[in-house]
Amino acid sequence: MAVPYKLLKTGGKLPHNKDLRAVLDVYETVGIKLLGDRIVKATSLTMGDLVGALEAIRYELVEQLMLGNRVHLPGLGYFSLSVKGELYEDPNTHKFRLRNPYVRTVNFRPEKELLRALSGTRFENVTHRYEPHRTPTPQDVDAALARLFAEADYIFVGDLQAELHLSRPVAYRLARRLEAEGKLENVGSRYRKMFVRGGKETSQVT
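To convert, count from 1 in the sequence shown and add 1093; that's this note's numbering.
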């Protein structure tokens, strides 16, 4: 499936404000639950192994960054700190320094190996695709569900949005309706919904 993007006007009052910038139309935020389930199925690791390893890496990452080191995770990239503070001149030495420096952010530079792995990503322009307030027919919805579940065991609201060319609000309303009708079952959380076929939908297919 292609990654959707929109072309938006660049803001500001500068002469370049008519230029367009590409912004990803992100589907969902994928967390450790989904990633962990996929990794557990593909390897001999358990969910406990993954959670423990991530916590250990996070702890060591923090420790090394606080020592001023740059951290390299093979296959992913490099992490380093960005500092910010109030710049002022020492009245005695007339040298500049930061008052109350603090961590502004954590910089991440991806490794070339990671970028190469992503080189096959397909993109799709959805800037003018969504039709506000458009509701697909029941036949359209059934066909879309059949296509989506033929490719994956679970889907997200964003999959419905892309497959049926819907606006985000319409897609969420449709997902709620399908869930109420028993055609979809949420196996994720309340705020990060991940759907499998509902019992009613499964019985219709079989």
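Cβ atoms here follow ideal geometry from the backbone N, Cα and C, with glycine treated the same way.
Mind checking who Ala1115 pairs with in its DSSP beta bridge?
-> Partner(s): Leu1100.
Tell me, please, whether the stretch 1143-1162 touches the stretch 1176-1189 by the rule of three or more beta-carbon pairs shorter than 8 Å.
-> In this structure the stretch 1143-1162 does not touch the stretch 1176-1189; the number of beta carbon pairs closer than 8 Å is below three.
Out of curiosity, what's the CA-to-CA distance linking Leu1191 and Arg1209?
-> Straight-line measurement puts the Cα of Arg1209 at about 39 Å from the Cα of Leu1191.
Where does Leu1277 fall in DSSP's three states?
-> Under the three-state reduction of DSSP output, Leu1277 falls in the strand class.
What's the C-alpha gap between Asp1233 and Leu1257?
-> Whole-angstrom Cα-Cα distance: 8 Å.
Among Glu1274, Glu1278, Phe1288 and Arg1283, which has the Cα closest to the Cα of Asp1252?
-> Distance from the Cα of Asp1252 is smallest, within the candidate group Glu1274, Glu1278, Phe1288 and Arg1283, for Phe1288.
Identify the continuous beta strand (DSSP E) that holds Pro1194 and give its terminal residues.
-> From DSSP, the beta strand (DSSP E) with Pro1194 extends over Phe1189 to Pro1203.
Looking only at C-alpha atoms, which of Ile1125, Asn1279 and Tyr1284 sits nearest to Arg1290?
-> Nearest neighbour of Arg1290 by Cα position, chosen from Ile1125, Asn1279 and Tyr1284, turns out to be Asn1279.
So, do the stretch 1160-1178 and the stretch 1128-1144 have three or more beta carbon pairs nearer to each other than 8 Å?
-> Contact between the stretch 1160-1178 and the stretch 1128-1144 is absent, because fewer than three Cβ pairs lie under 8 Å.
Where does Leu1117 land, buried or exposed, given buried means 16+ other C-beta within 10 angstroms?
-> With fewer than 16 Cβ atoms within 10 Å of its Cβ, Leu1117 is classed as exposed.
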